[in-house]
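Counting from 844, one number per residue, gives the positions in the sequence shown under our numbering.
For each residue, glycine too, the CB sits at the ideal point set by N, CA and C.
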Amino acid sequence: MALKDNKIKSIIVDFVNYFNNNSIPYVLIGGLAVNIWGRIRTTMDADFIIDQSKLDIEEFLAYLQERKYEITSQDMINGLNERINITIWSGIFRVDLKGIYNSFAKKSIEMAHKIKLFNVEVKVDSPELLIISKLCYGSEQDFEDAASIFLRLKNQNRLNLDFLKDLIEVLNINDRLNLLESLINKNITVEHLENEIDDLRTFNFDLLDSNF
């Protein structure tokens, strides 16, 4: 489901209203952020990074349970303590929350763009950091997502290319940028993308903590 789906709308509004009203720093990331900056594609989940230090767990749980979301107190506490995703269900739809577990996540919150969506102010991952995260994770879908954001915003002069290229140098992922450019320039096809990805150097995710 994309952003026009009513259930996705209600999920975004529920979570964003809570974060905004309780002064909890957050950023919307993942597939929904791709829908905002790049291509429209199907997604059945919403992904947020939040500042877990500002979260009153019991109050948040009461808010979620009142709205029929499925999550237990223990699951939330375990997720935060173990620094892993916290999964919250609403029927077949999923919300994944993660805390500020590295400096890249903190940077994503700091650089979030404020946009108006469904009559609420939503803080969305910056397109530059979204592209970087897609290149780091590096699946076929990630590269297609990154290409859609790059093409759309570059054509509108809304992408900070200098900042993007500086980060790529710092993270030593020039090979991934080269592959992205080959995909954009149609030097390779989507069908051949998997083989090209297999040849990439493995990304060291510790770099997301040591360089931001």
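{"Query": "Could you give the distance in angstroms between the alpha-carbon of S976 and the alpha-carbon of E902?", "Result": "31 Å"}
{"Query": "From the DSSP output, in three-state form, read off A955 for me.", "Result": "coil"}
{"Query": "Leaving aside the five residues before and after K997 along the sequence, list all residues of the same chain whose C-beta is less than 8 Å from its C-beta, in chain order.", "Result": "L1004"}
{"Query": "Assuming Y861 is part of the alpha helix (DSSP H), what are its boundary residues?", "Result": "N849 to N864"}
{"Query": "Which stretch, first to last residue, makes up the alpha helix (DSSP H) that contains L871?", "Result": "Taken as a continuous stretch (DSSP letters only), L871 belongs to no alpha helix (DSSP H), being part of the beta strand (DSSP E) at Y869 to I872."}
{"Query": "Between L1022 and the rest of its own chain, which residues show a CB-CB distance below 6 Å, the 5 nearest in sequence each way excluded?", "Result": "E1039"}
{"Query": "Which residues bound the alpha helix (DSSP H) around D1009?", "Result": "L1004 to L1014"}
{"Query": "Would you list, in sequence order, the uninterrupted beta strand (DSSP E) runs of no fewer than 3 residues that lie entirely inside the segment 961 to 993?", "Result": "963 to 967"}
{"Query": "When the Cα atoms are used, what is the spatial distance from I927 to I943?", "Result": "10 Å"}
{"Query": "For E909, which residues in the same chain have their Cβ closer than 7 Å to its Cβ, ignoring the five residues on either side in sequence?", "Result": "none"}
{"Query": "Name the two residues that bound the continuous beta strand (DSSP E) containing L940.", "Result": "F936 to K941"}
{"Query": "Using the C-alpha atoms, what's the distance from I854 back to M844?", "Result": "The pLDDT assigned to M844 is 45, lower than 50, so where the model puts this residue is not dependable; a value taken from the coordinates is nonetheless given after this. One C-alpha to the other measures close to 12 Å."}
{"Query": "Can you list, in chain order, the residues of its chain with a C-beta nearer than 7 Å to that of N930? Leave out the 5 residues immediately preceding and following it.", "Result": "Note that residue 930 is Thr in the sequence shown, not Asn. Excluding residues within five positions, the ones whose Cβ falls inside 7 Å are R937 and D939."}
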